[in-house]
Amino acid sequence: MRVYKQIDEIRRAVGNFKSQGKSIAFVPTMGALHDGHLALVRQAKARADIAIVSIFVNPTQFENPDDLAAYPRDVDADLVLLQAEGVDAVFTPTPDAMYPAGAETIVETTALANMLHGEVRPGHFRGVATVVTKFLNIVTPDIAVFGEKDYQQLQVIRTLARDLFLPVQIAGIPTVREADGLAMSSRNARLSPEDREAAVVLNRALDLADRMVAEGTTVETLGTALRDIIETERRASNVAIDIAAAETLAPLVGPIATPVALMISAQFGDVLLIDQRVTTP
């Protein structure tokens, strides 16, 4: 496994792989890797000849500087995990490399970035779309692999790839969960023991939603039930709940008769967690 820090270095490596007729799968990460990330890596290896992973904590998707500063970082440990998975190359650029002086171009899916959780995290999806576009242009993979835990983010990335005619397949991989159901996230390491125990309420809410949608319910009744179950957990605050059409994320009202995306977030201490699921009547 080779580690590349410079854009021209990873481009040369990619050119070398492609000259040998090899297909490339790419997994962008912000490091602090866990089994959820490694599941994406395994999918990348299964779907292409070469697996490339990036590790980059993207500053433009953080609206809170304290959140950016607190984001866990352990590149050495990440590299050990990636080596064990048989990754072919790792790209670890610096912020100055990805956002050189004078850079002013942004990428934004204007509707998707500013609805639902985009209202809770203003500017977040613009930062995601911009950095993902940069990575896809640098690495030029045949397939890029993302988790479904942030379903709105996945839809943003699929939309930008479609709208910008990027020659890449965007693959979504189901959320990997802890034994108690909590969605795996690098942010979980920042939770206090009490908040870690409380955060399982997000998965409980989604399990309830699955049952309610299967039995038949309305958007309004489901939204109330989800809020009620999360707000019974006194350690959860700043609760946001969105129920939208699975494909378009368009708002819905009335009886649920088609697949819906359920997107919830809540703050535990100073850590904002999200969990999301698509469920079908």
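532 is the number that the working numbering gives the last residue of the sequence shown; the numbers go up by one with no jumps.
Cβ coordinates follow ideal geometry from the N, Cα and C atoms, glycine included.
Whole-angstrom C-beta distance between A449 and A487, which should lie under 8 Å
To locate residue 487, count along the sequence shown from 1; it is residue 236. To locate residue 449, count along the sequence shown from 1; it is residue 198. A487 to A449, Cβ: 6 Å. Contact.
Name the two residues that bound the continuous alpha helix (DSSP H) containing R372.
As a first step, residue 372 must be located in the sequence shown, where it is residue number 121. No alpha helix (DSSP H) contains R372, which DSSP labels as neither H nor E.
When the Cα atoms are used, what is the spatial distance from I261 to A290?
To locate residue 261, count along the sequence shown from 1; it is residue 10. To locate residue 290, count along the sequence shown from 1; it is residue 39. Distance between the alpha carbons of I261 and A290 is about 23 Å.
Counting beta carbon pairs with one atom in the segment 464-483 and one in the segment 352-368, are three or more of them shorter than 8 Å?
no
Local conformation of P444 per DSSP, three classes
Here the question's residue 444 lines up with position 193 in the sequence shown. P444 falls in the helix class under three-state DSSP.
What would DSSP say about G474, mapped onto helix, strand or coil?
For the purposes of this step, residue 474 is taken as the residue at position 223 of the sequence shown. G474 sits in a helix when the DSSP states are folded into three classes.
Status (buried if at least 16 other CB within 10 Å, exposed otherwise) for N309:
Locating residue 309 in the sequence shown gives position 58, counting from the first residue. With 16 or more other Cβ atoms within 10 Å, it is buried.
Beta-carbon proximity list for G337, same chain, < 7 Å, skipping 5 on both sides:
Here residue 337 is taken as the residue at index 86 of the sequence shown, counted from 1. Counting only Cβ-Cβ distances below 7 Å, and skipping sequence neighbours, we find K296.
Can you check DSSP and say which residues form a bridge with D526?
Reading the sequence shown from its first residue, position 275 is the one you call residue 526. Beta-bridge pairing links D526 to I515.
Residues that T280 bridges to, as DSSP identifies them:
Here residue 280 refers to the residue found at position 29 of the sequence shown. Answer is I306, bridged to T280.
Closest by CA to R409, which one among R263, E498 and I480?
Within the sequence shown, residue 409 is the residue found at index 158, counting from 1. Looking at the Cα atoms, E498 is the closest of the given residues.
Supposed close pair I394, L453 - CB separation, criterion 8 Å:
Here residue 394 refers to the residue found at position 143 of the sequence shown. Here residue 453 refers to the residue found at position 202 of the sequence shown. Contact flag wrong, Cβ pair sits at about 29 Å.
Could you give the distance in angstroms between the alpha-carbon of I480 and the alpha-carbon of D286?
Residue mapping note: residue 480 aligns to position 229 of the sequence shown, counting from 1. Residue mapping note: residue 286 aligns to position 35 of the sequence shown, counting from 1. Cα to Cα, I480 sits roughly 28 Å from D286.
Between the Cα of T311 and the Cα atoms of P392, G272, F268 and V379, which residue gives the shortest distance?
Numbered from 1 along the sequence shown, position 60 holds the residue referred to as residue 311. Nearest option by C-alpha distance: V379.
Please confirm if the segment 273-280 is in contact with the segment 373-392, defined as three or more CB-CB distances below 8 Å between the two stretches.
Short answer: they touch.
For the putative contact between T426 and G398, defined by C-beta atoms under 8 Å, what is the C-beta separation to the nearest angstrom?
Numbered from its first residue, the sequence shown carries residue 426 at position 175. Numbered from its first residue, the sequence shown carries residue 398 at position 147. The pair is a contact, with the Cβ atoms about 6 Å apart (cut-off 8 Å).
Residues that F397 bridges to, as DSSP identifies them
Indexing the sequence shown from 1 puts residue 397 at position 146. Its beta-bridge partners are G423.
The segment 316-331 contacting the segment 367-387, beta-carbon criterion three pairs below 8 Å
no
Quick one: residues in its chain with C-beta nearer than 6 Å to the C-beta of M366, no 5 flanking neighbours on either side, listed in chain order?
For this step, residue 366 is matched to residue 115 along the sequence shown. Nothing meets the Cβ criterion.
Opposing strand residues paired with I301 [DSSP bridges]:
Taking the first residue of the sequence shown as 1, we reach residue 301 at position 50. I301 is bridged to I275.
DSSP state of A340, grouped into three classes?
Taking the sequence shown and counting its residues from 1, one reaches residue 340 at position 89. In the structure shown, A340 sits in a strand (DSSP, three-state: E or B).
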